[in-house]
Amino acid sequence: MRSNMDMMIEVQDLTKYYGPTLAISRLSFEVAQGEIVGFLGPNGAGKTTTLKILSGFLSPSGGTARINGRDCVTESLEVRHSLGYLPETVPLYTDLTVSQFLRFAAQAKGVEAQKGNGELSRVMDACGLGEVQHKLIASLSKGFRQRVGLAQALINNPPVLILDEPTIGLDPSQIVEIRQLIKELAGAHTVILSSHILPEVSQLCQRVIIINRGQIVASDTPENLSRQLGHGSRVRLTVCGPEGEVVEALQKIPQVREVAGEGENRYLVVAANDLDVRPQLARLVVERGWELLELKAQEFTLEEVFLDLVTEEEVTEEES
Ligand code: ADP
993 MRSNMDMMIE VQDLTKYYGP TLAISRLSFE VAQGEIVGFL GPNGAGKTTT LKILSGFLSP
1053 SGGTARINGR DCVTESLEVR HSLGYLPETV PLYTDLTVSQ FLRFAAQAKG VEAQKGNGEL
1113 SRVMDACGLG EVQHKLIASL SKGFRQRVGL AQALINNPPV LILDEPTIGL DPSQIVEIRQ
1173 LIKELAGAHT VILSSHILPE VSQLCQRVII INRGQIVASD TPENLSRQLG HGSRVRLTVC
1233 GPEGEVVEAL QKIPQVREVA GEGENRYLVV AANDLDVRPQ LARLVVERGW ELLELKAQEF
1293 TLEEVFLDLV TEEEVTEEES
C-alpha cells in the first residue's frame, strides 16, 4: 500500500550498522514527484549508504525505504525497475564500446530487444554521446565516462534518479556540462543527488537535506536554510555621510547588533534575531540628511549555514 500518492521517495527511521559502526541513524525524509533534492554532508556522513539502500544494493539494519510506493527490501526488483542509479564509481566495462555497454545495460534492465535501439539513441542523445558511441570506454575522458554512467541510469526512462556525487573527479568545464544535463532531467524525473559541494547543491536543487554523522540536521530550500540561521538578518548599506557618525548612529538603533564599515561608504549591519531593520535604517539616514545609495538584505550563504549546523553538532557531541 502506498502511504502517500505524491511521494516518490519515502524514508522512515532508516538505520544502518556496518558491524559496530553506526553509519546512519533513524533518517526520515520524503521526496515528492518532480522534486530535485540534494543530499549534502561532509565525507563519511552517510550519503552513499543511504543512496545504496534506496537503490536496493544494501539492506538497512532498521527502518524502511520506499521508492514509487515499493519497499526497497521486499520489492527490490520493482524498485530497481523504477529507478536509475548513478553510483559514486560507475562500474563501466572499459573493453566495450559505449553503445555495446549501453545495450548490455538495457538488457540487464529488462528492456525488450525491439525497444532497445530506440532507447539507446534516446539516452545517447540526452547525454551527448552520439559522437563517441563507437569508441571504447577505456579511451574516454572522465567526463564522457560520467555521461555514460548517467546514460545507463536513464535507460528505460525511470521516474526516479539517484545520483551519488555526480560530478566528483570531473574538471570544471565537465562539471558545468554534467550539471546542465542534470538540470534538464529534473522536472520529468524525481531526482535525489548527493554532494559534499555546497554551490553544486544550491545551484541544482529545490530542497537540501543536510546530513552529518548519520543524522539529518536540516531540510529546507537553500533560501530558507540561509534565512533560518537564527544569527539575525544582515543588511548591506551604502550611505554618503561622515563614516564615524554613520557607524555611531547605526549602532544606536536598538535592533542593531553589529555594524561593520567596509570602506567607500559601505556598511554591513547585522540585526538582532531575524528582524528586518531596513525601515529603521532608511529613516535614520533620511533624518540625518545623508544620502542613501543602497539598502539591501543580504542572506547568509548556504556555506555559512552548513558550517554552522555541522560545527554545532560536533560541539554538542563532544560536550556530551
Ligand atoms: P558518505 O557517502 O557521506 O561519505 P558513507 O555512507 O560512505 O558516507 O559512510 C558513512 C559511514 O559508514 C562512515 O563512517 C564510513 O566509514 C562507514 N562505512 C561506509 N561503508 C562501510 C563499509 N563497507 N564497512 C564499514 N564501514 C563503512
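Just so you know, the sequence shown maps onto residues 993 to 1312 in the working numbering.
Glycine included, C-beta positions come from ideal geometry on N, C-alpha and C.
Predicted, not measured: the structure shown is a model, and the values here were computed from it.
Helix, strand or coil at residue 1212 [DSSP, three-state]
It is a strand residue.
Cβ of residue 1015 versus every heavy atom of the ligand ADP: is any distance shorter than 6 Å?
Residue 1015 Cβ: within cutoff of the ligand ADP.
Helix, strand or coil for residue 1290 per DSSP?
The answer is strand: DSSP assigns residue 1290 an E or B state.
Take residue 1272 and list the residues in its own chain whose beta-carbon comes closer than 7 Å to its own, dropping the five residues that flank it on each side.
Here the set comprises 1245 and 1247.
Are the stretch 1204 to 1217 and the stretch 1232 to 1243 touching, with three or more C-beta to C-beta distances below 8 Å?
The count of Cβ pairs closer than 8 Å, one atom from the stretch 1204 to 1217 and one from the stretch 1232 to 1243, stays below three, leaving the stretches out of contact.
CB residue 1168 to CB residue 1124, shorter than 7 Å?
Using a Cβ distance threshold of 7 Å, residue 1168 and residue 1124 do not count as a contacting pair.
Could you tell me if the beta carbon of residue 1041 falls within a distance shorter than 6 Å of some heavy atom in the ligand ADP?
The answer is yes for residue 1041.
Can the beta-carbon of residue 1200 be found closer than 7 Å to that of residue 1032?
Yes, Cβ-Cβ distance for residue 1200 and residue 1032 is below 7 Å.
Beta-carbon proximity list for residue 1017, same chain, < 7 Å, skipping 5 on both sides:
Result list for residue 1017: 1007, 1206 and 1207, in chain order.
Determine, using beta-carbon pairs with one atom in the stretch 1131 to 1143 and one in the stretch 1098 to 1107, whether at least three such pairs fall under 8 Å.
By the C-beta criterion, the stretch 1131 to 1143 is judged not to be in contact with the stretch 1098 to 1107, since fewer than 3 inter-stretch pairs fall below 8 Å.
Write down every uninterrupted run of the alpha helix (DSSP H) in the stretch 1186 to 1271 whose length is 4 residues or greater and which is fully enclosed by it, in chain order.
Counting only runs of at least 4 residues, the stretch 1186 to 1271 fully encloses the following alpha helix (DSSP H) elements, listed from N- to C-terminal order: 1190 to 1196, 1214 to 1219 and 1235 to 1244.
Count the other C-beta atoms from every protein chain shown that fall within 10 angstroms of the C-beta of residue 1035, then say buried if there are 16 or more, exposed otherwise.
Classification for residue 1035: exposed.
Roughly how far, in whole angstroms, is the beta-carbon of residue 1182 from the beta-carbon of residue 1026, given that I think they are within contact range, below 8 Å?
The pair is a contact, with the Cβ atoms about 6 Å apart (cut-off 8 Å).
C-alpha distance - residue 1283 paired with residue 1259, whole-angstrom precision:
Using only the alpha carbons, I get a separation of about 13 Å.
Cβ of residue 1037 versus every heavy atom of the ligand ADP: is any distance shorter than 6 Å?
Yes, Cβ of residue 1037 sits closer than 6 Å to a heavy atom of the ligand ADP.
Residue from 1152, 1095, 1255 and 1228 with nearest C-alpha to residue 1179
Checked all of 1152, 1095, 1255 and 1228; the closest Cα to residue 1179 is 1152.
Relative to the C-alpha of residue 1154, which residue among 1163, 1165, 1161 and 1177 is closest?
Cα-wise, what sits closest to residue 1154 is 1177.
Residue interval of the beta strand (DSSP E) (run including residue 1016)
Run containing residue 1016: 1013 to 1024, per the beta strand (DSSP E) assignment.
The ligand ADP heavy atoms versus the CB of residue 1010: any closer than 6 Å?
Distances between the C-beta of residue 1010 and the heavy atoms of the ligand ADP include at least one below 6 Å.
Buried or exposed for residue 1141, please, with buried defined as at least 16 other CB atoms from any protein chain shown within 10 angstroms of its CB.
The residue is buried, with at least 16 neighbouring Cβ atoms inside 10 Å.
Using only CA atoms, which one of 1001, 1172, 1265 and 1214 lies nearest to residue 1159?
Closest in alpha carbon position to residue 1159, among 1001, 1172, 1265 and 1214, is 1172.
Check whether the Cβ of residue 1055 lies closer than 6 Å to any heavy atom of the ligand ADP, and answer yes or no.
No heavy atom of the ligand ADP is found nearer than 6 Å to the CB of residue 1055.
With distances taken from CA atoms, which of 1197, 1287, 1138 and 1102 is nearest residue 1082?
Of the candidates 1197, 1287, 1138 and 1102, the residue whose Cα lies closest to the Cα of residue 1082 is 1138.
Determine whether the beta carbon atoms of residue 1198 and residue 1028 lie at a separation below 7 Å.
Contact flag set, yes.
Give me the Cα-Cα distance between residue 1073 and residue 1113, rounded to the nearest whole angstrom.
If you take the alpha carbons of residue 1073 and residue 1113, they lie about 20 Å apart.
Could you compute how far the alpha carbon of residue 1222 sits from the alpha carbon of residue 1262?
In this prediction, residue 1222 scores a pLDDT of 49, lower than 50, which makes its location untrustworthy; no coordinate-derived value is stated.
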